[in-house]
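Chains as they are written, first to last, in the numbering used here: chain C, 11 to 498; chain F, 11 to 498; chain U, 11 to 498; chain S, 109 to 228; chain D, 109 to 228; chain Y, 109 to 228.
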Ligand SMILES: Nc1ncnc2c1ncn2[C@@H]1O[C@H](COP(=O)(O)OP(=O)(O)O)[C@@H](O)[C@H]1O
Ligand SMILES: Nc1ncnc2c1ncn2[C@@H]1O[C@H](COP(=O)(O)OP(=O)(O)O)[C@@H](O)[C@H]1O
Ligand SMILES: Nc1ncnc2c1ncn2[C@@H]1O[C@H](COP(=O)(O)OP(=O)(O)O)[C@@H](O)[C@H]1O
């Protein structure tokens, strides 16, 4: 008798048994606190590791390969440094600002009750999206930490090859504090399934006078959420929080730091597309942790997010290559890699909501649009977003966020939205959801755009953003770090 | 009281309880549909990611490092492109052709009932090899998708440095459709443990008239399998389906496309054994997903497959290096890496059947034989299988497939073969199993050899296989993709 | 009703049921053997793969990037070779020497009862640190195998660029046999939770005459442990066994093999800090398998180890970079990467014992001290530990081992030490624990230092340690392996 | 082999800063010079190098990346070529580089076997 | 330092397609020339380059990989050397390269201090 | 353009073993030579190469890594420079390399336009 079978039979037996038992109801009213299912723990530990892999070495190599040899090391350094710094900030106060109750500011940002991870022990648990399913809070903190690390790391690509390291050292703590943690809170913070289901049940059971109190409790639970979450915006794994957020911040940085010396005149080919491909591949590999991990459980939803992350990426890569073949005569590896990233970005908010066929469509759209944006539109506008952070992450993120509103529709093969108060998937109003998504996109664009502009400006005043022209020509590797990436 | 303990006690308690219960038998007859164990889900999600890691960047780097600089990017591109394309084909109709019931053609290929993943939801499950243990179907689709991606990607190494990209674009969809999906179906498709065990139980319980009907049902279940599976051929993780299949296809490609310009006259050393070693290491790392994942459960069998994948690989690498030391005076890194891959290939079909000591022997044999093949025999025959796809994957795969027939024997430390009708490991007839293995090898060699030859010939007629001599000299990177891998 | 819930209710139901049952006690006395929780299996399979990733390609690249081009391939080869060789030795007799009962030598080394993995089947289980929680023994063997592989691989960095391959071939089997297996046994071998808890319960229940016998049994169980384990030394994931051990061995090697030709006169910059960063990142990624895997379960403790492995690493990297900025004017990537490794080393013994804030402190200390050691002190002493194996692994390991004694204190946010006899965390005596830790450090330093010195001396006599000066100038790649790492 | 006295050629070798290559190339092309050969070199001179630190080891790197342009021109074009290089390669900062002129006695185009002036 | 008039040496510099190196080398060896020095260079000439595209950025690459062979030979061997190079390096297509001959006044073998003809 | 007869310069080209570069550089600097240009080259000569094996393919590699130093010096310094190079680059083993001296007719410093002796 296999384990699975025995457990199943046990469940049935127990059900029968409970019916015989008089005191059965006592169980439901005083449930033991839920303990983690080790399968969920195993998956979430793995997912956290995958997101780190996606950042270092993944993102570092993807970006590094695209710059010139003399700035390779600085690119690696910047990504690596951001990861280290944000790790520490996260456990000091970032997690608390993002994921604790924020009192009067709760719509915008969390509080400091969990600063220094106060009160968290190996036994503490965090809720998933399923009532009663929990994971160790440390795993949840780790998993969310990796998101906080990669988001600012994405930004540095926009100012690549010309931003001083000291400017970055100042910018990053400011940015995560005033932009990332609030946006993460606004989009992802909520009371959790336990409270929601509990309040809903109480409300359903309440009669007479208790009804009003129960309704008030229910309202309080619903209100205990970040702004965008409260609107009902869907963002499975971070289309707004991670990609639109970093993409618009990158654009601000690129504008404020200005174009690279020689931009448009000198050739600036990627020094190693080999490293870029390795980076892109590791981004893909790691993104399964990012997307499928965002299910927080080793469940069918995680599996859905995984398959979507396979096919949207593949479709976007093919779309970008096809567009190149048509527009420029040859499909390129950089095109394929860029398309893959665009597809990954676009599928991020949709991963657990769209069906695989919807994900393919989303990928194709992202591939075409981002390709068009990164060549035609960017050249027309003339700004120097060195590694196309805006063109891929912000544009791709917007496509994904809006697309999620469409593709989540069950009629299009999507999952719809689970309604915790009724315990089942609710009716899907595509127009309304699309508008909600658009609102969340705008919120992110404005908050991060304005915030990043201000913070970059402050940094510019305090330490300056750029090295001298000669130094820029010599390369940031030697100037900022006194090292060279290669000594063949 | 730990979880494990409580479950154990629950099982016992329930057993006792059931005896007391009159209606106990009712349970067995209308079982609730099995739900996935989250531990299995966690492992299979991870395993799928590992197989992608094995292909991009793993295989791409392993192959890429072996070509000359001017073809590096084309090598990466070809592997990456194949993965993307096959991902999409897989969800459109590949999965259905490989793993659905194929009606009258069922012995050779599946049907289209699951095209576009029709009917699959996050709740759908796929059976494992244990009755009652299931995993979400999406995970199963992802896992098998990665196999469908890597197999055609392996082929491109044989025609490296001289096959046009456009030829590949045409060849790959044809090949997976007419070669890979059928072979996967023939070797791996069966009715599953649930139906088998169910029919066997019914048959055992049947008396009188019911006996004949039950026997017919049993026969129908047994017949509902691919050709080679029906024969009883063992292929734990794809020795025939993946390695012999791609290896013989590669040989056909190498023969039809012809030798590289300058082959045998000009030096063509690997441009970066560093990348080749990284690729080989990632192949090893990812192969644990491939082999231990093929258990479909986080079980002792997966653990057995894992340890075999450690030791066979290590043994083959050491054997190849030793052979080099003896034959050429120096053990080389490329030899070690090649040996590792040969060992991985050979242990693939045997991973869940052989014992660790058997796996070591298998690895040693694979290391010696493939080393001999890739130097002496290949040079004698004079064909230009650029990256030794035939010499490593086909030869190694044959060694593994035949070796499985020997090493699965319990007397040699193997597991034997589980008999679902009796519910225990059956008697092991080594000679019979060896012949069955040989039949499956021949089937694959012929189907894939002939099929690939025809398909390559068609592609040759339609778009041609090779670029012009000057273009080949300039390198495929610039000619096919307008990019260079490095701009140091 | 979710799985988690059903199981929980089952537990409660069964508890109630048991109380009704007269024969309930029968259960406790003849428990069914525990079966693995698949979540634990999934995690431990993953963790084993991660530790391999950490070694090849991780460590190979980290080391390889630091040497000059002409020795790159030899560096990769040495690491790869060590891994392969030790894999095989491990299953032949290493596992047995490290983790079986050693009879009269049990305090120092195991026996040969498990040589060739005698008696291990896919159903065999190994105990974790929780009574009743087990994992398949094959997984445990794999996991521990990866530790045995990486430890000697760490040593080679100290003699990089100048030790003959043939010397390594002889040294490694000697070293693992006489140094690694014994130390692993001394620090990690014990009777396990089942025996301990069982004996403690029997002792508690025993009355009268039985008392003495029970006490004797209890003593036997306690005595059935390696020397350092018996002392009560804490080493969560291998601070002594892996890092101090390899670090001191490396120093001995560096001293005996002597300085590189041109050391101190010619420039010997790292040939590719890109590869070094990739290696460092993969070390970090893989180290989660190392540290969080050492919990042996997918539990809150694993999650604690994971978060500590995040923050200690980040803190140490930042500390090293800061120290460089202060001392040399510029923070460097190599500094960051070295700091990260120092942090990883230091947190290794503490991972499951310290709290996250303690881990940050530990990381900072390790970053500063190791940075100081690898520049000022090393230069002052003048030995050529080429890749700072001693300065990072031994010094970092000592900091970690001693720091664990302090930071495990519950008063400092640590977990304290679980007492299996009482079934709860015991009182924590920081001074006593610190002394115990220091004893374990000394034991390792002496055993490994003396042992390695003797073994290196033997190898020197038998085959010699170094190539000729001309050969050293030409580079080990060509001299030892007849290959070059790059042919751009 | 006759000495082509009336047909003298010179090799103009210029060592310049790498980022100036494109400008110099197009200035030379404008003079009607249709060929040149470029080598990546390391230069030592008045321009000071930098220090690199790798863990405990400090290296003073005195060689800087430069580009060497070699162009063989008819005697009469030498001055114009030198002038064009000086004009385009100059930044006015130390390390701008040097131009050397040396004699070429004979030139052959491999493809056609043409010699001297018609070879370049 | 005496001028070794009766002992003239020439430097033969050939810029050729990289894949021809091995053939040229063996042709020169057949002439009894026992040494040469080879440099990887980039050539600009009549042979047209190619265009590379990286996302939105297009670069016309006008430099092509070439190999430069430098061989110092006694005056009397120059013609044979040039002829051997032309013969082996020629493909007949644009970009085959050039050969330049220039004077060498003095040669020294570092190992022995031998000079001029006996140094090469 | 006048011929600067009284102001002759020579190009000293030395092909040496790579690890000797630093020693040679400092010897030349000691002579007061403030500039030089260095190229990584591959040399073929009496020093035998090695064999590389990659799976079934064996390649005899006859080119060895060398470093080429080019230093333009006033005529009067040539002998001292050659002597300094010979002294520092010599190991006494085959493959130590060669020194060639050839005429330079004209030199220009790009930064200032200074010519000849004052340019180097
Ligand atoms: N005597 C020389 N011989 C050969 N090359 C030289 C000589 N002097 C300088 N160079 C080359 O010219 C480059 C620039 O010289 P440098 O003295 O730094 O600046 P500047 O030319 O502005 O005075 C050097 O890096 C070196 O490559
Ligand atoms: N005037 C020149 N000076 C120096 N090198 C030259 C000159 N002209 C051509 N070259 C070199 O010769 C190579 C071949 O020249 P090209 O004009 O392309 O073809 P061809 O020699 O067949 O006419 C060029 O790539 C360049 O390296
Ligand atoms: N005739 C030559 N022309 C140009 N370079 C040469 C010539 N002969 C030798 N060299 C260069 O000098 C190097 C050393 O020459 P080799 O014959 O190996 O040793 P040695 O100088 O000790 O006799 C060669 O590798 C090559 O680069």
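Where is the CB? At the ideal position from N, CA and C, for every residue including glycine.
What in chain C is Cβ-close to residue i, meaning under 8 angstroms?
{"i": "residue 124 of chain D", "result": "Within chain C, no residue comes near residue 124 of chain D; the closest Cβ sits about 24 angstroms away, beyond 8 angstroms."}
{"i": "residue 151 of chain D", "result": "What residue 151 of chain D touches in chain C: nothing, since even the nearest Cβ is about 17 angstroms away."}
Quick check: residue i and residue j, are their CB atoms within less than 8 angstroms of each other?
{"i": "residue 77 of chain U", "j": "residue 171 of chain U", "result": "yes"}
{"i": "residue 83 of chain F", "j": "residue 343 of chain C", "result": "yes"}
{"i": "residue 493 of chain U", "j": "residue 160 of chain Y", "result": "yes"}
{"i": "residue 298 of chain C", "j": "residue 311 of chain C", "result": "no"}
{"i": "residue 376 of chain U", "j": "residue 355 of chain U", "result": "yes"}
{"i": "residue 201 of chain C", "j": "residue 231 of chain C", "result": "yes"}
{"i": "residue 400 of chain C", "j": "residue 296 of chain C", "result": "no"}
{"i": "residue 162 of chain U", "j": "residue 92 of chain U", "result": "yes"}
Please list, in chain order, the chain D residues whose beta carbon lies closer than 7 angstroms to that of residue i.
{"i": "residue 483 of chain F", "result": "127"}
Ligand 2 and residue i: does any heavy atom of the ligand fall closer than 7 angstroms to the residue's C-beta?
{"i": "residue 284 of chain S", "result": "The requested residue 284 of chain S is not part of the displayed model; chain S covers only 109 to 228."}
{"i": "residue 162 of chain D", "result": "no"}
{"i": "residue 195 of chain D", "result": "no"}
{"i": "residue 141 of chain S", "result": "yes"}
Would you say residue i touches ligand 3, meaning its beta carbon is less than 7 angstroms from a heavy atom?
{"i": "residue 133 of chain D", "result": "no"}
{"i": "residue 219 of chain D", "result": "yes"}
{"i": "residue 371 of chain U", "result": "no"}
I want to verify the contact list: residues of chain C whose CB lies under 7 angstroms from the CB of residue i, in sequence order.
{"i": "residue 164 of chain D", "result": "384, 385, 388 and 389"}
Would you say the beta carbon of residue i comes nearer than 7 angstroms to a heavy atom of ligand 1?
{"i": "residue 204 of chain S", "result": "yes"}
{"i": "residue 63 of chain U", "result": "no"}
{"i": "residue 177 of chain S", "result": "no"}
Strictly below 7 angstroms CB to CB, what residues from chain Y border residue i?
{"i": "residue 398 of chain F", "result": "163"}
Give the residues of chain D in contact with residue i, contact being defined as C-beta atoms less than 9 angstroms apart.
{"i": "residue 119 of chain S", "result": "121, 208 and 210"}
Name the residue from the options whose alpha carbon lies nearest to the alpha carbon of residue i.
{"i": "residue 196 of chain C", "options": "C/470, C/446 and C/450", "result": "C/450"}
{"i": "residue 165 of chain D", "options": "C/446, C/275 and C/68", "result": "C/275"}
Determine, using beta-carbon pairs with one atom in the segment 124-139 of chain C and one in the segment 183-196 of chain C, whether at least three such pairs fall under 8 angstroms.
-> Judged by Cβ distances under 8 angstroms, the segment 124-139 of chain C makes no contact with the segment 183-196 of chain C, as fewer than three pairs qualify.
Is it a yes or a no for the segment 40-59 of chain U touching the segment 302-312 of chain U, going by three-plus beta-carbon pairs under 8 angstroms?
-> Taking a cut-off of 8 angstroms on C-beta distances, the segment 40-59 of chain U touches the segment 302-312 of chain U, as three or more cross pairs fall below it.
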